[in-house]
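Take a look at the structure set out below.
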Amino acid sequence: MRAAVAVSQNFDDPLSGLALMQMPVPEPTEGWIKVKVRATSINMHDLWTLRGVGHDPKNIPIILGCDVAGVTDDGRGVIVYPVIADAEAGGGDETLDPRRALLSEEHHGGFAEYLLVPERCVLDKPGSLSFEEAACLPVAWSTAYRMLFTQGALKPGDRVLVQGAGGGVASAAISLAAAAGATVYATSRSQTNRDLALELGAAEVFESGERLPERVDLVIETVGEATWAHSLRCLKPGGAIVIAGATSGTSPEADLGRIFYQQLRVIGSTGSTRQETQDMLRFVETKGLRPKIDRVLALEEIHAGMQAMLDGNISGKIVITVA
Ligand SMILES: NC(=O)c1ccc[n+]([C@@H]2O[C@H](COP(=O)([O-])OP(=O)(O)OC[C@H]3O[C@@H](n4cnc5c(N)ncnc54)[C@H](OP(=O)(O)O)[C@@H]3O)[C@@H](O)[C@H]2O)c1
1 MRAAVAVSQN FDDPLSGLAL MQMPVPEPTE GWIKVKVRAT SINMHDLWTL RGVGHDPKNI
61 PIILGCDVAG VTDDGRGVIV YPVIADAEAG GGDETLDPRR ALLSEEHHGG FAEYLLVPER
121 CVLDKPGSLS FEEAACLPVA WSTAYRMLFT QGALKPGDRV LVQGAGGGVA SAAISLAAAA
181 GATVYATSRS QTNRDLALEL GAAEVFESGE RLPERVDLVI ETVGEATWAH SLRCLKPGGA
241 IVIAGATSGT SPEADLGRIF YQQLRVIGST GSTRQETQDM LRFVETKGLR PKIDRVLALE
301 EIHAGMQAML DGNISGKIVI TVA
């Protein structure tokens, strides 16, 4: 079968390690199920793997791709919950299992014609969404859902700042928070993405770093260094930053004085539980939400998709279809 494989890692030239090649069709084993991939989407995670960040080189070569919508052998339309973990080992929460792995970290991912996943990872695809739309949800939308509702304990009426509106997680967070009755402020470096944020339900949009009309209860942060100081300044006393990523760098000035004096809470967030992913899917269907797709490419065009992600020149998700 055709697949996009990480064959080597290079921090400065990540695409040099991405190869389109033939791989064997996987055969199901006990407790694992085969999914025919219809659509998948690119995440920053794929680029981090190619850069050699957070991915053990001993797992190379590996098929990339952690977002999958497809069809099982018995014809069921599904999306794949992308965390392979033991909930018990995490005290009931898969994301706290010290041995958890996202699809494409230890097991082959979805940039291929087929993949194998544990049976419990297969969830019904919402009928209201196309395969392309469904392929945007597992990583970005589930991550945003946990950030807002579990880690951030969002309530209707809360004021929320989402940094970097054009990102996959950020654009999902804007849609979900607005649909949950929060007042959403969003920042972006580009007018296109500020317009996108308004379309998704943001109340007001701002250039990165611009002063907001009021302080907020919650900041959704995935940009990192470039926006961290602004995120801290925008919080009400007692407010929370939930952080799930640091695209622009991981070591901003900590500003500890502000954190203790204003009693701010800094909360990490990674992935989602299977239950949170199911809850997110139900919320998306109930509210009629749809992910914003930047572009749809064929598997053969994956290098172009990865380059666009690398350039940071996107509005929403880049979807890869597999014919
Ligand atoms: N912990 C988890 O479970 C988890 C899950 C998914 C993603 N992540 C991480 O979260 C981060 C975002 O992921 P994603 O898939 O949403 O990526 P993405 O779609 O590429 O979004 C990143 C966004 O950050 C903003 N940005 C990038 N560089 C910036 C800079 N120098 N200054 C200001 N804004 C900048 C951009 O927004 P504008 O262009 O609109 O300004 C960009 O759209 C990544 O680091 C990823 O690894 C973590």
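In UniProt numbering, the protein residues as written are 1 to 323. For every residue, glycine included, the Cβ atom is placed at its ideal position computed from N, Cα and C. Bear in mind that the values here come from a model prediction, so they are computed numbers and not experimental data.
| Asked | Found |
| --- | --- |
| Closest by C-alpha distance to Gly157, when choosing among Ile302, Thr183, Leu115 | Thr183 |
| The stretch 216–223 in contact with the stretch 161–180 per 3-pair CB rule at 8 angstroms | yes |
| Near ligand 1: Trp228 beta-carbon under 7 angstroms from a heavy atom | no |
| Per-residue burial, Ala39 [other beta carbons within 10 Å of its own, 16 or more giving buried] | buried |
| Start-to-end residues for the beta strand (DSSP E) that takes in Tyr185 | 183–188 |
| Inter-stretch contact at 8 angstroms, needing at least 3 Cβ pairs: the stretch 114–125 / the stretch 28–38 | yes |
| Three-state secondary structure assigned by DSSP to Ser128 | coil |
| Check: Arg189 C-beta below 7 angstroms from any heavy atom of ligand 1 | yes |
| Enclosing beta strand (DSSP E) for Glu221 [first to last residue] | 216–221 |
| Beta-ladder partner(s) of residue 349, from DSSP | Given that the chain is displayed from residue 1 to residue 323, the structure contains no residue 349 and the question cannot be resolved. |
| According to DSSP, residues forming a beta bridge with Leu3 | Correcting the residue identity first, residue 3 is Ala in this sequence and not Leu. Ala3 pairs with Met21, Ala112. |
| Gln151 versus Pro57 - alpha carbon distance | 31 angstroms |
| Burial state of Ser231 (16 or more Cβ within 10 Å) | buried |
| Exposed unless 16 or more other CB atoms sit within 10 angstroms - verdict on Gly245 | buried |
| Those runs of the alpha helix (DSSP H) which lie wholly inside the stretch 146–187 and span at least 4 residues | 168–179 |
| Ala170 to Arg194 span [Cα, whole Å] | 12 angstroms |
| Cβ contact check for the stretch 304–316 and the stretch 184–204: 3 or more pairs under 8 angstroms | yes |
| With 16 other Cβ atoms within 10 Å as the buried cut-off, status of Glu207 | exposed |
| Any non-hydrogen atom of ligand 1 closer than 7 angstroms to Ala246 Cβ | yes |
| Nearest candidate by alpha-carbon position, reference Met280, set Asp93, Glu94, Arg146, Asp74 | Arg146 |
| Inter-residue Cα distance where the pair is Gly70 and Lys236 | 43 angstroms |
| Cβ neighbour criterion (16 or more within 10 Å) applied to Leu256 | exposed |
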